[in-house]
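Notes for the one structure printed next.
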Amino acid sequence: MSVISRPWNRLSLAGKIILPLFLLLIALTVLLLAGWQLGLIPAVIELLAEVVRSNIDIFRFILTATLTLLITIPVAFVIIYMEMKVIAFLAGRIGPNRVGPWGTLSSVFHGFKVLAKEDFTPTGADAAVFTVAPIITYLSSVLTLLVIPFAPGLVGLDMNIGLLYFFAVSGLTVVGLLTAGWSSFNKYSLLGGLRAAAQIVSYELPLLLAPVGIIMLAGTLSLNQIVIQQSGWFWDWYVFQQPIAFIVFFIAAAAEGNRTPFDLTEADSEIVAGFATEYSGMRFGFFFFAEYVNVFILSALTVVLFFGGWNAPIDPRPILEFFRIGSLTPAIDVSSMGIWLLWVLAIGVPLLVLLIALPLWLLKSGWSFLKSLVVAFVLFNVMAIAAVTIWAFLSFEVVVGLFWFIVKTFTFVFIFVWMRGTLPRVRIDQLMGFAWKWLVEIALLNVFVTAGAILLVQELARQ
Amino acid sequence: MTTDRGTVRSLDDPNIWVDTPATIFDAVPPYPPRTEREAEFYHLRDGEMLLNLGPQHPSTHGVLRIVLKVDGERVTDLDPVLGYLHRGVEKICENGDWHHAISNCDPLEYVASMFSEAMPVLSAEKLLDLQIPRRAEYIRVLCWELNRIASHGLFIGWLALDLGGLTPLLYGFIERDRIVEMLASLTGQRMLFNYLRIGGVNRDLNHDFLSRLGDWMSKAAVELENETRLLNENEIFVRRTKGMGVLDRDTALRLCVTGPNLRAAGVPYDVRRAHPYSVYPELDFDIPTRDTGDSYARYLLRVDEIRESIRIIDQVLHEMPDGPIMAKIPRMIRIPPGRAFISVESPRGQYSCYAMSDGSDQPFRLRIHDPSYFTLQAVGHLMPGNLIADSMAIMASLDPVMGGVDK
Amino acid sequence: MGLMSKVPGWGMAMGMVYTFKRFVQPKVTIQYPEERQDISPHHRGRLVLLYDEAGNLKCETCFQCAMACPIEIIDMGGVDTKNRMHVHWGPPEQYAERREESALRRSGRPVSDKAFAAWLPIDLGPLERILVANDYDPRRLLTVLEQSQATYGYLPVAALQHISHSTGAWYSEIYGIATSYPHLVFEPGRVAEIGLCRCAACSLAGGGKVRDALVEALGIDVGGVTPDGSVRFSAADCGGDNGGQPLVTLDGQRQPGMTPDKARDLAQKLRAKSAKAANA
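Protein chains in written order, with the working numbering: chain A, 1 to 463; chain B, 464 to 870; chain C, 871 to 1150.
Right, here's the structure in full:
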């Protein structure tokens, strides 16, 4: 078959990937068109829908698992990248900047590296528990994603005991860390696991007591409702009504997430890697995904409880009414365009690309026409994506809400990373002393003061 | 396969790891204790366990192995095991020339190696009763003080790293890099300089070195302020180091601890003032002393010493005389038989050498007393009673360098 | 300021403000290989041997550095100015094949090492004749070198020095020209000589077929050198006394019982040996 093998060998690696994909695409298109004509496609779709409907539970499970992975893994990658870059910048270095543009692919490759490492169980370790421990830790971090409101209408399940569910599930982390430390058959791991258990259990109390003030003010445990009640301007956010609770909650959240200054469970200058000393490969990866997802979730919870969740700092309606724009939904009714849509796509897109390419080719003397076409295509994509994003931003409040939520959450993630780069760590007895002797007292005090203030305001309102 | 010594299993045997008894991972040796101290150490009470802070550890300062006996998190006893970095330097020095000894003694205290080079150099000069040109003396003092600043800068970074802060280490390394590049333009190397010679120094000051030195001096004080600002008032840092590892005056004197560790305990002993050498009597500097003797005092004391060193460098630059940089000595040195004891003030303490020569061109014996070796004795007094985390911080605050401990 | 520093957490907050200031300041990282660090010219760096402006090596092989080195890592060898003594200084234990000569090495006595054959003195008579024939012209260097190789079998160092002294060309230039051509060799034994007699008696005894075999195996005819310079095919003279076999000599030694196949094998063996010696 040298007729195929010789030109095949001349292709570069990229060509060897793109050409089969291209041929596959053409084959699929032809098949689809043929199937549509013959009426096969609707029948197949109907069959598939029947299968899905009858096994809806399995499909829901698959969908949930996929969504979970799709959310948590990119978030973890982004936070890992942020951590590497931000700590480097604080220290006067640059951090990874070679792997992708500005080093963005480096955390992706860290993920691949973790997958590729040897996966072993140490001698004497309890194999079943050893394997299950990272799963428990990861699970306890990820299950909490169910109740966090990302945008108006974009919440997994709006339980009316959302906050309680959150704390209940995230408390399972202790089980994971403790079993990890115990089952590793290693004194360092045991020490690390015990320290971790002590730390997390000690800081559960301030973490739970601090939002009690918020619960009293909001009157509900549902996180979605709490966010809705903070809508308006930024002074409606609960941080201005409960500043002490915010400080207590933030410190407790740093300790819950095993972040510096409370990262003695993974203190690598003392007990190597704490409970995760004997872990390698994807099990270690699970622990660290769990930690970074935990950071994201705790930042998200801080934002939801104290900083208005998905609310924008300013209420845009008065400004829009002032400028008499009214409700802003530039609607493009795509279905009414008919065949013109095809013309726009077939002719308009290449025309726009050419329009951008021409000045580039004329003004940049070193560029060939092909190169300027490619650059123009990339620029066109960037502009199209920007245009679509702006349209979505203006038309759907989901997009606006999501945008503000992400901005605020990643601000807090940045603050967590900033603290990691700056502060030394506390000792275990200082840490527990701080929790039990100070934070719990302050949180309780906050609860009493809030309760008293609410009663007072109600009394005054009645009179 | 069965040999006359028993059964030997091939490494390809798939069952070789299955019935490995878990007791082989115990730190208690399988033979009965040979000394009283061993008996005391390896007798584990209820709830105690032996933890090996092994030679490979992210925060022992070099290859040091400490077997800790811990009760939960609290250290009750410890047994340091040295010798992982033993290179036989003193023996190698005996087999070569007096000149060869300079580059052999360089790696003893690799962080600030001018001081370890001074061992064979100063002892040979004392044995020969040699008069060093004044310019060479001033250049030596300049290099010594620069080395001291570099070493203390690194100490600050390491102390912060052992406590968990990642950034002060990098700030310290930025400073150390500038100083080390400066010394590279003078001596030719960044770390193991091989610069001091019997009778003077190797090369004279050059324009590159002086311009880098001037650049650095203009910013030195400000940079020092900036770096220590991150740690001096940091509540966590202060609470981790204040009151920790208190080395009181009597214990320190009994254990022959010298240098900043002794001065932090209240004893104003500095070799530059007590047994003056080189041109230190002509220079004006103070001996900073602190009373408390804890880790925080040792940290603050080393910061004070950096300031004093900057002062000394300033004076040296202003008073640098002209002249030759090497005394007139023959190429092959044959030192008449004799003994000499010299000591210098290194960043870690009193670094001394007892040299014996037998009239040939090879040293008969160079016995080098490294201050880190004696400081490590203090570890046995300071660590028990503290938590493991604190024990690492205490060792970092004592600033040992294992190159000199093991030689 | 004094009051504010009593607020718990103030030190930490100030620390974090300082690190944020460093966050926005320029970074100290040097992006190698696009940027290089400003290394002082006085840095010792990598140790190389220096050449002067004429292209001559400045190293005089005075052994001071080897004697002074505390770890005896410098390995060198050389001759004194009058070519009397070869001295080799170095750790002999490093190379297995020199281990048994270690005692001899440090003694300073002449070392019978094949590597130093090139420095042995030679008979300069033939060289003088070649130079005279070429009029001591440095522009005819290649011819001179080829004829020298034809005479001595290789290019001895002494020959190159004599050429340099006589023609005025720099030694390094001559050496450079010689190394550019693969058929010029510097060690003896790299070039083998096969001699064949073409007299009537030897041809009748089968010399013609032997000659054909050798021509085919070597690629050259009588009087030539193979392109890689390993085998010279010259004419020999049996003087009428060939004992019924064609006269074939190898480096002057008569090879009895030569048949075309054996001749071919011999030629290939010689070329292989030379190739191996060249690559060794």
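Virtual Cβ for every residue (Gly too), placed ideally from N, Cα, C.
Computed from a predicted model, the values in this text were never measured in an experiment.
Among the residues of chain C, those whose CB is under 7 Å from the CB of B:Ser566 are Pro940, following chain order.
For A:Ile45, no CB of chain C lies under 8 Å from its own CB, so it is not counted at the interface with that chain.
B:Arg811: not part of any alpha helix (DSSP H); DSSP gives it neither H nor E. Neighbours of B:Ile637 in chain A, taken as residues at a C-beta separation under 8 Å, are given in chain order as Gly92. The beta-carbon separation of B:Val779 and B:Leu605, rounded to 5 Å, stays under the 8 Å limit for a contact. The segment 915–932 of chain C and the segment 105–119 of chain A do not touch, with fewer than three beta-carbon pairs separated by less than 8 Å.
Annotated three-state conformation of A:Phe434 is helix, per DSSP. Here the C-alpha atom of B:Asp540 lies approximately 36 Å from the C-alpha atom of B:Arg735.
A:Asn258 counts as buried, since at least 16 other C-beta atoms from the protein chains shown sit within 10 angstroms of its C-beta.
Not one beta carbon of chain A lies nearer than 8 Å to the beta carbon of B:Asp869. In terms of beta-carbon proximity, A:Trp233 stays away from the interface with chain C, with every pair separated by 8 Å or more. Burial state of C:Gly1038 is exposed, judged by a 10 Å Cβ sphere holding fewer than 16 other Cβ atoms.
With the criterion set as a beta carbon lying under 9 Å from some beta carbon of chain B, the members of the segment 414–434 of chain A are Arg420, Gly421, Thr422, Leu423, Pro424, Arg425, Val426, Arg427, Ile428, Asp429, Gln430, in sequence order.
Here the alpha carbons of B:Gly706 and B:Pro723 stand approximately 17 Å from one another. For the options C:Lys897, C:His913, C:Ile909, the alpha carbon positioned closest to that of B:Phe656 is the one of C:His913.
Contacts with chain C (Cβ-Cβ distance below 9 Å) from the segment 660–690 of chain B involve Arg666, Asn669, Asp671, Phe672, Arg675, Asn689, listed in chain order. In this structure, the beta-carbon distance from B:Leu839 to B:Val868 falls below 8 Å.
Sorting A:Gly401, A:Leu105, A:Thr277 by C-alpha distance to the C-alpha of A:Phe120 places A:Thr277 at the top. Counted as a single uninterrupted DSSP element, the stretch harbouring B:His832 is not any alpha helix (DSSP H) but the beta strand (DSSP E) occupying residues 826–832. The shortest C-alpha to C-alpha distance from C:Lys1132 to any of C:Leu927, C:Val1080, C:Thr889, C:Gly1110 is the one to C:Val1080. Given a length threshold of 4 residues, each whole run of the alpha helix (DSSP H) inside the segment 14–86 of chain A is given here in chain order: 40–54. With at least 16 other beta carbons inside 10 angstroms of its own, B:Trp561 counts as buried. In the DSSP annotation of this structure, the continuous segment of the beta strand (DSSP E) that includes B:Leu516 starts and ends at 511–516. From the listed residues A:Ile314, A:Pro211, A:Trp361, A:Arg427, the smallest Cα separation to A:Thr265 is found for A:Arg427.
Excluding sequence positions up to five before and after A:Trp367, its CB lies within less than 8 Å of the CB of Leu360, Trp361, Val375, all in the same chain and listed in chain order.
Residues of chain A with a Cβ closer than 8 Å to the Cβ of C:Val898 are, in chain order, Gly92, Arg93. According to the DSSP assignment, B:Lys532 belongs to no alpha helix (DSSP H) but to the beta strand (DSSP E) extending over 528–534. Along the length of the segment 355–428 of chain A, whole alpha helix (DSSP H) runs at least 4 residues long occupy 369–395, 397–422, reported in chain order. In the DSSP annotation of this structure, the continuous segment of the beta strand (DSSP E) that includes B:Arg537 starts and ends at 537–544. Considering only A:Val155, A:Arg195, A:Val417, the residue with the shortest C-alpha distance to A:Leu402 is A:Val155. Within chain A, the C-beta atoms nearer than 8 Å to that of C:Gly885 come from Thr422, Leu423, in chain order. Per DSSP, the beta-bridge partners of B:Arg660 are B:Gly663. Separation of B:Ser586 and B:Gly843 (C-alpha to C-alpha, rounded to the nearest whole angstrom) is 32 Å. Taking a beta-carbon distance threshold of 8 Å, B:Ala581 does not count as an interface residue toward chain C. In the DSSP assignment, C:Thr1119 falls within the unbroken beta strand (DSSP E) covering 1118–1120. Contact note: A:Thr260 reaches chain B through Gly627, using a C-beta cutoff of 7 Å and chain order.
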